[in-house]
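Report on the structure given below.
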Amino acid sequence: MNIVNSPKMKFKHLAFLLAFFIATTLSAQGTVAHINMEEVINLMPQTSEAEAELNRLRQAYQRDFETSYREYQAKFVKYEDEASTLSPAENEKRKSDLELIERNLAQTQQNIEKQIAEKRKLLFEPVKQQARELVTKVADNLGFLYVLDSSKDAGLVMAKGKDLMPEVKRTLGM
Numbered sequence: 137m138n139i140v141n142s143p144k145m146k147f148k149h150l151a152f153l154l155a156f157f158i159a160t161t162l163s164a165q166g167t168v169a170h171i172n173m174e175e176v177i178n179l180m181p182q183t184s185e186a187e188a189e190l191n192r193l194r195q196a197y198q199r200d201f202e203t204s205y206r207e208y209q210a211k212f213v214k215y216e217d218e219a220s221t222l223s224p225a226e227n228e229k230r231k232s233d234l235e236l237i238e239r240n241l242a243q244t245q246q247n248i249e250k251q252i253a254e255k256r257k258l259l260f261e262p263v264k265q266q267a268r269e270l271v272t273k274v275a276d277n278l279g280f281l282y283v284l285d286s287s288k289d290a291g292l293v294m295a296k297g298k299d300l301m302p303e304v305k306r307t308l309g310m
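Using my numbering, you'd call the opening residue of the sequence shown number 137 and step up by one each time.
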């Protein structure tokens, strides 16, 4: 009988693998935690300041855009009212003018959205960095080696590890 293939060796090999798996699992449980980073960012005091600045910017752009749009509407109504008294060539020129204004308004709206997105990124990147630093500090203090993001759509399927949110809230003074 071959000693390597004996039932006793297979049992010892299986027992060793099982013990190794259990030890690895137990040691990993104490090193991994999770937290909802979206919630942490929303709890940061700088978030409300950044949102307020974005709202002010959005309102300023909106006022400017609405002024331009009202000017376009007034010109449209004027051109429409005068169309019957003008030559076809003049009406065609005015139609081209209105189409140019429409394209400019559409381009302006796209530029506004782009500038707001850039400003959002500029304002929130430091907040996200501070949130990461805060979570890292809390995790280090509690002895965790890894922290998984449990935010919606972050890719975390199951979260049975330690949730750091209570400690982060405590650190933020909440």
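Glycine included, every Cβ here is placed at the ideal spot set by N, Cα and C.
Three-state secondary structure (DSSP) of Leu284: Three-state DSSP puts Leu284 in a strand.
Minimum length 4: unbroken alpha helix (DSSP H) runs contained in the segment 194–239: none
Rounded distance between the beta-carbons of Asn178 and Met301, thought under 8 Å: That belief does not hold up - the Cβ atoms of Met301 and Asn178 are roughly 11 Å apart, past 8 Å.
Whole-angstrom C-beta distance between Leu241 and Ala186, which should lie under 8 Å: Not really, about 28 Å apart at Cβ, beyond 8 Å.
Contact check, Gln243 vs Leu193, beta carbons under 9 Å: no
Proximal residues to Phe212 (C-beta, below 8 Å), its chain only, five neighbours per side dropped: Leu234
Residue span of the beta strand (DSSP E) that contains Ala169, given as start and end: That run of the beta strand (DSSP E) goes 168–171.
Neighbour-count burial assignment, Ala169, 16 or more Cβ in a 10 Å radius: buried
Cβ-Cβ separation, Val304 to Leu270 (assumed contact under 8 Å), whole Å: 6 Å
Cβ shell of Glu228 (< 6 Å), same chain only, five flanking positions each side left out: none
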